[in-house]
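S.K.:
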Amino acid sequence: MPLSRHGAGVEATVRAFWSQVHPVFMLPPLAASLFGAILSGEVALEPAAIHVLAIFAAVYTAHVKDGYVDFHVRGEDDDHPLTATGCRIGLTLSTIAFVACCLLLWVLGAQLAVALTLPTWLIAYHHAPQLDTNPLTATTGYPLGIALSILGGFATQAGTVTALPLGFAAVFLVLLSGIKVIDDAQDYDYDRSIAKRTVAVVLGPERAYDVAYGLMAFALVAVVALAITRVFPPGSVLAVLAFAAVAAVARRANPELATMLLVRGSYVFLAVLVAAVWFEPVATIGVATG
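Following the numbering used here, the numbering of the sequence shown begins with 306 at its first residue and continues without gaps.
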């Protein structure tokens, strides 16, 4: 029963399963989990690590399922390292790991965190072929996973959810949805040829770009407003300036280059927000807003 399509043996099988680890797309959800934990003020390492592992398992599930559907079901991809059986085993193992992490969090008393984390697996598993054919869910699936990761990371530590993580989760949901619209525009011709209804296919590339940058602008304005009202630390405005500079350059680039710039810009955006929260403790923010 071969699991790898490119060679036999343990080494080939390990390479095939490892190929489904995509750092560019995996690191942001994992970082979002840790960001949520940092927002709580005090980080207990054990539950934080368990939640990160749960998010990793969910994203791994998404990658394996997406590859399985695109290659073995739809025939869209030219190649895939795992056989159909390998994909099914990968999905089984990642799901077992996810469930185990959720059970551990539940035992540790983080029931709210479990409730916020469970939807990440549902989004991951159903992204293909259900959610990726609708312009709304195809666009918001990954950003919603990031938002839930922030909330789950916070709830793992605090046992509740406050305005602070809710605000950050909403900002990332909107900002990353804008980036996702640009990312999908790269495949406009192909998606249109197979009747895949992304925002770019439904609205056309030009209007899709307007929607995308409108969403990103709205998210940045929201950060400024929340910083002014002291829901976010004042240093959050620096993240707005950094991302706005990247977006201004990306606006004049083609979809592929724009996506690369905006994704990396979102990393900078998150890093500056982490620094802002780190240097202005949540407790201080809470006093100011109270």
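Here a beta-carbon is modelled for each residue, glycine too, at the ideal position from N, C-alpha and C.
#1: Would you check if the region 410-420 and the region 385-397 touch, i.e. whether three or more CB-CB distances between them fall below 8 Å?
#2: Sorted by chain position, which residues of the same chain lie with C-beta nearer than 8 Å to Glu585's C-beta, five sequence neighbours on each side aside?
#3: If you draw a straight line from the alpha carbon of Thr594 to that of Gly464, how long is it in whole angstroms?
#4: Tell me whether the beta-carbon of Leu247 lies closer than 8 Å to the beta-carbon of Gly458.
#5: From Val507 to Asp489, what distance separates their C-alpha atoms?
#6: May I have the straight-line CA-CA distance separating Ile360 from Ser571, to the nearest angstrom?
#7: Measure the C-alpha to C-alpha separation of Ser399 and Thr318 and round it to an integer number of angstroms.
#8: Rounded to whole angstroms, what's the CA-CA distance from Ala549 to Pro307? Just pull it up for me.
#9: Out of Ala349, Lys485, Leu520, which has the shortest C-alpha to C-alpha gap to Val476?
#10: For a quick check, are the C-beta atoms of Ser454 and Pro334 less than 8 Å apart?
#11: To the nearest angstrom, report how far apart Thr388 and Ala429 are at their CA atoms.
#12: Compare the beta carbon distance of Gln416 and His368 with 8 Å and say whether it is the shorter of the two.
#13: Do Arg310 and His385 count as a contact pair if the criterion is CB distance below 8 Å?
#14: So, are the CB atoms of Val528 and Val545 less than 8 Å apart?
#15: Considering Cα atoms alone, identify which of Val419, Thr442, Arg502 is closest to Gln462.
#16: Could you have a look at Leu387 and say whether DSSP puts it in helix, strand or coil?
#17: Taking all protein chains shown into account, decide if Pro328 is buried (16 or more other Cβ within 10 angstroms of its Cβ) or exposed.
#18: Under DSSP, the alpha helix (DSSP H) around Lys485 begins and ends at which residues?
#19: Using the C-alpha atoms, what's the distance from Phe330 back to Leu567?
#20: Over the uninterrupted alpha helix (DSSP H) stretch that includes Phe361, give me the two end residues.
#21: Quick check on the burial criterion: 16 or more other C-beta atoms within 10 angstroms. Buried or exposed for Phe523?
#22: Taking 8 Å as the threshold (C-beta atoms), are Lys485 and Pro448 in contact?
#23: Which ranges does the alpha helix (DSSP H) cover as unbroken runs of at least 4 residues, wholly within the region 509-546, from first to last along the chain?
M.R.: Once the coordinates are examined:
#1: No, because fewer than three Cβ pairs between the region 385-397 and the region 410-420 fall closer than 8 Å, the two stretches do not touch.
#2: Pro538, Pro539, Gly540
#3: Confidence at Thr594 is low in this model, with a pLDDT of 36, below 50, so its placement is unreliable and no value can be given for it.
#4: Residue 247 lies beyond the stretch modelled for the chain, which goes from 306 to 595, so this question has no answer here.
#5: 12 Å
#6: 19 Å
#7: 16 Å
#8: 49 Å
#9: Leu520
#10: Cβ atoms of Ser454 and Pro334: closer than 8 Å.
#11: Roughly 20 Å separates the two Cα atoms.
#12: no
#13: yes
#14: yes
#15: Val419
#16: strand
#17: exposed
#18: 468-490
#19: The straight-line gap from Cα to Cα measures roughly 13 Å.
#20: Here the alpha helix (DSSP H) through Phe361 covers 350-372.
#21: exposed
#22: yes
#23: 510-533
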